[in-house]
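The next block holds one structure in the form of structure tokens; read it before the comments.
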Amino acid sequence: MSEPGLDAAPGAADIEAAASVWLQRRNFWDWSKEDQAGLDAWLSQSMAHQLAYWRLEAAWNRTERLEALRSAGSETPPQRKTWSAPLKIAAALGISAVIGVTAAYYIMKPRDRVFTTPVGGREIVSFADGTKIELNTDTVLRARMTTDRRTIWLEKGEAYFQVTHDAKHPFVVFAGDHRITDLGTKFLVRRDPGRLEVALMEGRVRFGAVDASPKSKSALLVPGDMVTATASTMFVTHRSKPALARELGWEHGMLVFDNMTLADAANEFNRYNRQKLVIADPAVARLTIVGTFHTTDVKAFIDVAEDVFRLHVETNGNEIVISR
Amino acid sequence: MPKKFESDSADARPSGASMNAFELKAWFVREVLPLEAALMQYLQHNWRNKSDIADLRQDVYLRVCEAALKETPLQTRQFLFATARNLLIDRVRREQVIPIEAVSDLDALDVAIDAPGPERIVAARDELRLLQAALDKLAPRCREAIVMGRIEGLSGREIAARMGVGEPTVSEHLAKGMRALADILYGDPADLRRRP
């Protein structure tokens, strides 16, 4: 490889300037596949381009982490505002086992409150500002309310947010690699392993990545929008009002299936019940079902499987195996 | 003329393992960038012509990363400074036009290597202060755009509307702010620590 020449144009300052233009474009403006291809092409032109970009990106990511810390309001006395959140605070040990070392660090901070629901549980948390958060089954949520901002971490599970908008006290939800910024809103966030869903009922939210990785982009959602994000993909679909209402059926303890496959329906039940449904046959898994069930009424589901689909149901310890 | 630091000396011996481009990025961010403040201090101390510093830093990074693609250095710090030193010596040898006093005190290198780097001093708990000080150092309009984008989560378009300026202007503020933040967060923490 030829020696990197000091005399070769363009200089480091020009390269860094170009890198900064790319970085701000990707973070703050519409970003298409073509834009990404353009950036990739620029990066592949030389290692100097990559290094300059990596450096700016790393610094930028670092400011994000600092911003999350900033919400701790470490300069503000802890007693300034009382939030009436009279719900149970999980033992730090039990929670940290679930959500890992990084989060455990935050939990040590006195101002964080952790709310949990067991499998099948449902809980409403009300805050002094009027904001309500409804936790669905098997959910862990951490809240940090300070005098200048409101930050929530959805560690796992699902929660429905009804946020009292206050531009002076931003409301941000972090879920894995993503962040949802409230702009006056009711929205639903569901976090499963490797997958995040955000549905907007009312108002506006901004959805984007915590870290500006090449895979990420941000979107401004309007009511009816539903985002599904995995580690490498993100897409937005638009749902009708009834379809969105179905997503929220659990608020009333109901599961609403509208042409859902048995496999997906079983997964939904399994979120709420300790006794797990197992669909043993791929052909059976593909059958579709329409109906409304109570979240804990597995018996009704089994009845449908036996009486309507003529399937074989066998209880095996903590498993209910459905086959032909 | 000082002797070149042998890159195969005990301290800088490569581990023998190579990296792919993906691992290189992670390694560069994790191990090299935190040394930038010390590297800048070293370059500034040993090179008179300040306008060369940005290019010198880039070339040190390039050399280190190209080497790391072949063999990952065991001791990043030693390897980085050995590379910097060799680069400066090469420059002096190659460019006869540079007056000899451009290179001062190259033999003081060992001191720079052994001194505790700012990255060891700036503990995690100081990060908040570091960021706030970094923001304070930005030009006012720059800071305004960065704060709206970073903390309030606004898009470029929304920032433009709020600031009452055109979108290209917002782009400039953001790009400038990002560069300044990188310089402050990686290149210049020593200066920040002196601030009240």
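These protein sequence lines map, in sequence, to chains R and H. Position one of the first sequence corresponds to residue 3 (the working numbering), numbered consecutively onward. Position one of the second sequence corresponds to residue 244 (the working numbering), numbered consecutively onward. Every residue gets a Cβ at the ideal spot worked out from N, C-alpha and C, and that includes glycine. In this text, all values refer to a predicted model and were calculated from it rather than measured experimentally.
With its beta carbon less than 8 Å from one in chain H, R:T183 belongs to the interface. Where R:V229 is concerned, the enclosing beta strand (DSSP E) starts and stops at D227 to T232. Put simply, of R:D114, R:Q38, R:A211 and R:M203 the residue whose alpha carbon is nearest the alpha carbon of R:H180 is R:A211.
Bridge pairing for R:W24: absent [DSSP]. When only Cα atoms are considered, H:I332 and H:F271 end up about 24 Å apart. Annotated as proximal: R:G159 and R:R193, with beta-carbon spacing under 8 Å. DSSP, reduced to helix, strand and coil, places R:R276 outside both helices and strands of the structure shown, so it counts as coil. A Cβ-Cβ separation of about 24 Å leaves H:L299 out of contact with H:M262 under the 8 Å criterion. Look at H:A376: its C-beta is not under 8 Å from any C-beta on chain R. Taking the CA atoms as reference points, R:D32 sits about 43 Å from H:Q321. When the Cα atoms are used, H:L317 and H:R422 turn out to be separated by approximately 30 Å.
Under the Cβ distance rule, R:L58 counts among the residues neighbouring chain H, one pair being separated by less than 8 Å.
The beta carbon of R:T298 sits closer than 7 Å to the beta carbons of G122, Y274 and N275 from its chain, once the five residues preceding and following it are set aside; these are given in chain order. Cβ contact annotation for R:E249 (same chain, cutoff 7 Å, sequence separation greater than five): L190 and A201, in chain order. A contact between stretches requires three or more CB pairs, one per stretch, nearer than 8 Å, and the region 157-177 of chain R meets this requirement with the region 127-143 of chain R. Here the alpha carbons of R:A130 and R:T153 stand approximately 14 Å from one another.
For R:D305, the enclosing alpha helix (DSSP H) has its first and last residue at V300 to D305.
Taking a Cβ-Cβ cut-off of 8 Å, the neighbours of H:M421 in chain R comprise S22, L25, Q26, L58, A61 and W62, given in sequence order. Residue contact check for H:D298 against chain R: a CB pair falls below 8 Å. Boundaries of the beta strand (DSSP E) around R:M262: M256 to T263. The beta carbons of R:L279 and R:A231 sit about 27 Å from each other, so the pair does not count as a contact at 8 Å.
Excluding sequence positions up to five before and after R:N261, its CB lies within less than 7 Å of the CB of T290 and V292, all in the same chain and listed in chain order.
At a cut-off of 8 Å between beta-carbon atoms, R:T65 makes contact with chain H. About 17 Å separates the beta carbons of R:T148 and R:H167, which is beyond the 8 Å limit, so they are not a contact pair.
Counting along the chain, R:W44 sits inside the alpha helix (DSSP H) bounded by residues K35 to Q47. With a threshold of 16 other beta carbon atoms within 10 Å, R:V175 meets it and is buried.
The beta carbon of R:E18 sits closer than 6 Å to those of A54, all from its chain and outside the five residues before and after it, given in chain order.
Contact residues of the region 267-286 of chain H toward chain R are K268, F271, V272 and L276 (C-beta to C-beta distance below 7 Å).
DSSP links H:K293 through a beta bridge to no other residue. Residue state for R:F30 is assigned as helix, using DSSP reduced to three classes.
Between R:F271 and R:F303, the CB-CB gap stays under 8 Å. Judged by DSSP in its simplified three-state form, H:P316 adopts strand. Residue contact with chain H for R:A15: present (Cβ-Cβ distance below 8 Å to some residue of chain H). Cβ contact annotation for H:R386 (same chain, cutoff 6 Å, sequence separation greater than five): L378, in chain order. With fewer than 16 other CB atoms across the displayed protein chains lying within 10 angstroms of its CB, R:E36 is exposed. Under the three-state reduction of DSSP output, R:R124 falls in the coil class, being neither helix nor strand.
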